[in-house]
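S.K.:
Numbering (my numbering), first residue to last: 15 to 129.
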């Protein structure tokens, strides 16, 4: 199974997830949004699987600093455009484990999926 972790290298949650994977000898590729960006097609695909509400990190500083107009009336198209323009708004990490998506780091969910 090919595993790809998507996120930002310096994120504390990413560091915890990477430590968890490496501690269990689970190999993975890392895609850094800051360095490589993320495309609209991938975001749309993820939103179709887990929902845009799960992907959009409303608690993060980047989202909270948006003007009120940008934070109002968010739907899937607007959320995807925001996340594409500012990948820091994507909840981290997104782990693609052979087609199954895990959003955020929850050790029990990682254990269940990756055993």
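Ideal placement from N, C-alpha and C gives every residue a C-beta, glycine not left out.
1. Per DSSP, residue 21 is paired with what?
2. Taking DSSP's pairing of strands, which residues face residue 130 in a bridge?
3. I need the boundaries of the beta strand (DSSP E) containing residue 116, first residue and last residue.
4. Please determine if the stretch 56-68 and the stretch 24-36 are in contact, where contact requires at least 3 C-beta pairs separated by less than 8 angstroms.
5. Assuming residue 17 and residue 107 make a contact with CB atoms under 8 angstroms, what is their CB distance in whole Å?
6. What are the boundary residues of the beta strand (DSSP E) that includes residue 110?
7. Taking just the CA atoms, how far does residue 83 sit from residue 40?
8. Would residue 14 and residue 123 qualify as a contact pair, given that the criterion is a beta-carbon distance under 9 angstroms?
9. Nearest CA to the CA of residue 21: which residue from 103, 120, 121?
10. Pairs of beta-carbons, one from the stretch 43-60 and one from the stretch 90-101, closer than 8 angstroms: are there three or more?
11. If you reduce the DSSP assignment to three classes, tell me which class residue 52 lands in.
M.R.: On the basis of the supplied data:
1. When DSSP reads this structure, residue 21 sits in a beta bridge with 46.
2. As shown, the chain starts at 15 and ends at 129. That puts residue 130 outside it, with no answer to give.
3. 114-117
4. no
5. With 8 angstroms as the limit, residue 17 and residue 107 do not qualify as a contact, their Cβ atoms being about 11 angstroms apart.
6. 108-111
7. 42 angstroms
8. The structure shown does not extend to residue 14, since the chain spans only 15 to 129, so no value can be given for it.
9. 103
10. yes
11. coil
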